[in-house]
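Trainee:
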Amino acid sequence: MEREMNNKPRVLAVVGATASGKTALSISLAQAFGGEVISFDSMQVYRGMDIGTATPTREELAAVPHHFINIKEPWESYSCADFVTMARVEIDALTSRGVLPVLCGGTGLYLDGLLCGGAYESAPPSDAALRERLLTEASEEGGAFRLWERLRQIDPESAAATHPNNIKRVVRALEIYACCGKTKSELDRESRDGELCYDATVIGLQYQNRDLLYARIDHRVEMMMAQGLLDEVRTLEAEGLFARSPTAAQAIGYKELLGYLRGEGSLECAVQDIKLATRHYAKRQMTWFRGRSYVRWIRADGEDGTMRPFGDILSDAIALCRGEVTQ
1467 MEREMNNKPR VLAVVGATAS GKTALSISLA QAFGGEVISF DSMQVYRGMD IGTATPTREE
1527 LAAVPHHFIN IKEPWESYSC ADFVTMARVE IDALTSRGVL PVLCGGTGLY LDGLLCGGAY
1587 ESAPPSDAAL RERLLTEASE EGGAFRLWER LRQIDPESAA ATHPNNIKRV VRALEIYACC
1647 GKTKSELDRE SRDGELCYDA TVIGLQYQNR DLLYARIDHR VEMMMAQGLL DEVRTLEAEG
1707 LFARSPTAAQ AIGYKELLGY LRGEGSLECA VQDIKLATRH YAKRQMTWFR GRSYVRWIRA
1767 DGEDGTMRPF GDILSDAIAL CRGEVTQ
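In terms of this note's numbering, the sequence shown opens at residue 1467 and continues consecutively.
(1) Tell me, which residues are paired with residue 1693 by DSSP?
(2) Taking C-alpha atoms, which residue in 1651, 1631, 1640 lies nearest to residue 1623?
(3) From the DSSP secondary-structure annotation, give me the bridge partner or partners of residue 1505.
(4) Going by DSSP in three states, residue 1515 sits in which element: helix, strand or coil?
(5) Check whether the Cβ atoms of residue 1477 and residue 1488 lie closer than 8 Å to each other.
(6) Give a yes or no on contact between the region 1693 to 1704 and the region 1719 to 1732, applying the rule of three or more CB pairs nearer than 8 Å.
(7) Using the Cβ count rule (16 or more neighbours within 10 Å means buried), how would you classify residue 1638?
(8) Is it right to say residue 1735 is buried, meaning 16 or more other beta carbons lie within 10 angstroms of its own, or is it exposed?
(9) Decide if residue 1803 is buried, meaning its Cβ has at least 16 other Cβ atoms within 10 Å, or exposed.
(10) Just to confirm the assignment, what range does the beta strand (DSSP E) spanning residue 1565 have?
(11) Let me confirm a value: residue 1543 is counted as buried when at least 16 other C-beta atoms fall within 10 Å, else exposed. Which label applies?
(12) If you run the structure through DSSP and keep just helix, strand and coil, what is residue 1541?
(13) Roughly how many angstroms separate the alpha carbons of residue 1739 and residue 1704, rounded to a whole number?
(14) In three-state DSSP terms, what is residue 1619?
(15) Can you tell me which of the three DSSP states residue 1477 falls into?
(16) For residue 1750, which residues of its own chain have a beta-carbon under 6 Å away from its beta-carbon, when the five flanking residues on both sides are left out?
(17) Just how far apart, CA to CA, sit residue 1640 and residue 1707?
(18) By the DSSP assignment, the alpha helix (DSSP H) with residue 1836 in it spans what residues?
(19) For residue 1785, which of 1484, 1498, 1485 has the nearest alpha-carbon?
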């Protein structure tokens, strides 16, 4: 895959909902084309949270080199701007060695920032005082939901794509509007309407049978519990991590099990809450990616509603990468 477009570096990307099969496909594409994987997952960067964030396994990490996995402590800041800056350096380094960058993840904002540039590079200045006031309000009882409701009135599109507990993102969207009078959704549209910064083939894994994806999500949660997610949460709590990192404490899987450990319900209810929260997250991911014209979709399920053989999915993806089919 030595194709270039307007002298732009060539990259692949695999997107889709959580539990859709992105990791396996990205690894196989990297092996097929001599590539390395760059993760654009906002949580897999953090050390010590491997099970709950579905970090690639030791075997998967050994199959091809991966970048931006377990590179930060959970209390350290990691933003879209950080990812874009680091990813551009990594893409340049890989390209200079003749290695194809294969991006993989579910944090759509990060991929937009990398591929589209534009509005993301000219983002409005931060207002530290406003942000502090909003964060203080969010820490009050019911404050996070009130802020989300405020965002919903100002920018319903951003609110629909953001969980009320994602305080950092809700606050940032409110801050953007206060700073420049434009909503985050408007900036998103301005960015993605422009020309891509890379010669990119972005492959999306699509499920017509939503129940099949939900079953995969349920199975993943059950596997996480069997692999020791509760012990992972218990250990991190004992180490004081969640007190230092509100982001970690609000992450799906950790938030629900923290509640259980603190006596706020049964383990069975916590596990069901994780499954439900993950389904809602998957809906938001798909809403985001369906709004991106640069995504080229591949069916992960067949006409009978069951999973297609992985070899068939991979063959379709390789054909798209080689330009053998159009959409």
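Ideal placement from N, C-alpha and C gives every residue a C-beta, glycine not left out.
Mentor: Based on what the coordinates show:
(1) To locate residue 1693, count along the sequence shown from 1; it is residue 227. Looking at the DSSP assignment, residue 1693 forms no beta bridge with any residue, so it has no partner.
(2) Counted from its first residue, the sequence shown places residue 1623 at position 157. When only C-alpha atoms are compared, the closest one is 1651.
(3) Within the sequence shown, residue 1505 is the residue found at index 39, counting from 1. DSSP output for residue 1505 lists 1570 as bridge partner(s).
(4) To locate residue 1515, count along the sequence shown from 1; it is residue 49. Residue state, collapsed to three classes: coil.
(5) Numbered from 1 along the sequence shown, position 11 holds the residue referred to as residue 1477. Numbered from 1 along the sequence shown, position 22 holds the residue referred to as residue 1488. No, Cβ-Cβ distance for residue 1477 and residue 1488 is not below 8 Å.
(6) yes
(7) Residue 1638 sits at position 172 when you count from the first residue of the sequence shown. By the 10 Å Cβ count, residue 1638 comes out buried.
(8) Numbered from 1 along the sequence shown, position 269 holds the residue referred to as residue 1735. Per the 10 Å Cβ criterion, exposed.
(9) Lying before the first or after the last residue shown, residue 1803 is absent from the chain, which here runs from 1467 to 1793.
(10) Start at 1 with the first residue of the sequence shown, and residue 1565 comes out as number 99. No beta strand (DSSP E) contains residue 1565, which DSSP labels as neither H nor E.
(11) Residue 1543 sits at position 77 when you count from the first residue of the sequence shown. It is exposed - the Cβ of residue 1543 has fewer than 16 other Cβ atoms within 10 Å.
(12) By one-based count along the sequence shown, residue 1541 stands at place 75. Residue 1541 falls in the coil class under three-state DSSP.
(13) Start at 1 with the first residue of the sequence shown, and residue 1739 comes out as number 273. Start at 1 with the first residue of the sequence shown, and residue 1704 comes out as number 238. Between residue 1739 and residue 1704, the C-alpha separation is close to 23 Å.
(14) Residue 1619 sits at position 153 when you count from the first residue of the sequence shown. Residue state, collapsed to three classes: helix.
(15) For the purposes of this step, residue 1477 is identified with residue 11 of the sequence shown, where counting begins at 1. Residue state, collapsed to three classes: strand.
(16) As a first step, residue 1750 must be located in the sequence shown, where it is residue number 284. Hits under 6 Å: 1627.
(17) To locate residue 1640, count along the sequence shown from 1; it is residue 174. To locate residue 1707, count along the sequence shown from 1; it is residue 241. Those two C-alpha atoms are separated by around 27 Å.
(18) Nothing about residue 1836 can be reported from this structure: the residues present for the chain run from 1467 to 1793 only.
(19) The residue given as residue 1785 occupies position 319 in the sequence shown. Checking every option, the nearest Cα to that of residue 1785 belongs to 1498.
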